[in-house]
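Here's the structure we're looking at; comments come further down.
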Amino acid sequence: LEEKIEILGSSDQLLTLIEKHRIDQIVFARGEKDNPRLTKNILSARLKGIEVIDMPDMYQTLKWRIPINYVEDNWFLREKGFEYPKNIVVMKTKRLIDIIISSFILLISLPLWPIFALLIKMNSRGPILYVQRRVGKNESFFSLYKFRSMIDKAEENEAVWAGKNDKRITFVGKILRKLHLDELPQFWNVIRGEMSLVGPRPERPEFVEELEKKIPYYSLRHFMKPGITGWAQVNFPYASSIEDSQEKLEYDLYYVSHMNLLFDFQVLLKTAQKI
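Quick note on the numbering used here: the sequence shown kicks off at 1082 and runs consecutively.
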């Protein structure tokens, strides 16, 4: 990548380079702000009408995600999206939409539940519903409900990353997962107020404990309720490693920062297109 970037000069030459190349916009990265001379030059450029943009701001505008390796604590302090509480009217409207849509989906899908239950029982031994403790808003715990798609007691010994071609998934489970029918019981979690239609994926406490130790700012994703679908889910469906989880976190944090009803509609539309 460095070979493809043309270096025009040093940071000390900033003002001269601006005039020479008629630059009207500057993007600066983390660490450069610790250079007093550069900071002074950037301020001078700004006073001359040059637009100055922080690299993380530029990145999230282009990529729709927050580059956590290139942000600092004070960046989050000035981001309006991480203020509490969120807009009360927006949050109450979001909650109302959650209840209306979830109630409708549960109502129209309920006649199919006995069929799903029969197929699950015929395919493998074990319970019909899969109940598991997950981490919700403010890192509180709740019981998440799903139609069982794996063999019984698949995670009896320890929590294991689930892959796209996980051998623990049953034949019926593959069909349910492909059509996202295994997630229908989660709409009850939404009605109970433990989840939302749109938000970060609810993870297991064991994974959260590990990821918070290895990924910076991971706990910020718990600023909002987890969702059945989300910005990270529609852009990066499967996370089977620490690296995958970090990339998904960048999408989650972008959603937390920019959440609004139109954004929720966009996520729901992309989710429907993928089903």
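We put the beta carbon where it would ideally sit given N, CA and C, even for glycine. Since the structure is predicted, the reported quantities are computational estimates derived from the model, not experimental observations.
Terminal residues of the beta strand (DSSP E) in which residue i lies
i, result
"residue 1227", "1222-1228"
"residue 1184", "Counting along the chain, residue 1184 falls outside any beta strand (DSSP E), though it belongs to the alpha helix (DSSP H) covering 1169-1190."
"residue 1279", "1277-1279"
"residue 1309", "1308-1310"
Buried/exposed call for residue i, threshold 16 Cβ in 10 Å
i, result
"residue 1276", "buried"
"residue 1035", "Nothing can be reported for residue 1035, as the shown portion of the chain is limited to 1082 through 1356."
"residue 1203", "exposed"
"residue 1083", "With a pLDDT of only 48 at residue 1083, under the threshold of 50, the placement of this residue in the model should not be trusted, and no figure is reported."
"residue 1208", "exposed"
"residue 1165", "exposed"
"residue 1303", "buried"
"residue 1217", "buried"
"residue 1181", "exposed"
"residue 1353", "exposed"
"residue 1278", "buried"
"residue 1251", "buried"
"residue 1210", "exposed"
"residue 1345", "buried"
"residue 1161", "exposed"
"residue 1185", "exposed"
"residue 1175", "buried"
"residue 1146", "buried"
"residue 1348", "buried"
"residue 1225", "buried"
"residue 1091", "exposed"
"residue 1125", "exposed"
Residue i - containing alpha helix (DSSP H), residue span
i, result
"residue 1335", "1323-1339"
"residue 1343", "1342-1355"
"residue 1296", "No alpha helix (DSSP H) holds residue 1296; DSSP gives it neither H nor E."
"residue 1358", "As shown, the chain starts at 1082 and ends at 1356. That puts residue 1358 outside it, with no answer to give."
"residue 1159", "1154-1159"
"residue 1269", "1267-1272"
8 Å contact criterion, which residue i and residue j should meet: CB distance rounded
i, j, result
"residue 1149", "residue 1330", "7 Å"
"residue 1263", "residue 1228", "4 Å"
"residue 1342", "residue 1171", "6 Å"
"residue 1107", "residue 1133", "5 Å"
"residue 1232", "residue 1249", "6 Å"
"residue 1119", "residue 1089", "Contact doesn't hold; Cβ gap of about 14 Å is too wide."
"residue 1187", "residue 1253", "Wrong, their Cβ atoms sit about 21 Å apart, outside the cutoff."
"residue 1123", "residue 1109", "7 Å"
Inset, instruction - Report the residue ranges of all beta strand (DSSP E) runs contained in full by the segment 1098-1136; include only those spanning at least 3 residues, in chain order. - result: As summarised for the segment 1098-1136, the continuous beta strand (DSSP E) elements at least 3 residues long and confined to that stretch are 1106-1109 and 1132-1135, given in chain order.
Inset, instruction - Decide if the segment 1276-1289 is in contact with the segment 1308-1315; the criterion is three or more beta carbon pairs, one per stretch, under 8 Å apart. - result: Per the Cβ contact rule, the segment 1276-1289 is in contact with the segment 1308-1315 (3 or more Cβ pairs under 8 Å).
Inset, instruction - Evaluate the contact criterion for the segment 1283-1300 versus the segment 1323-1343: three or more CB pairs, one atom per stretch, below 8 Å. - result: Touching, yes.
Inset, instruction - Please specify which runs of the beta strand (DSSP E), each continuous and at least 3 residues long, are wholly inside the segment 1195-1219, giving them in chain order. - result: Correct list: 1210-1216.
Legend entry - Segment contact, 8 Å Cβ cut-off, at least three pairs: the segment 1260-1274 with the segment 1328-1344: These segments do not touch.
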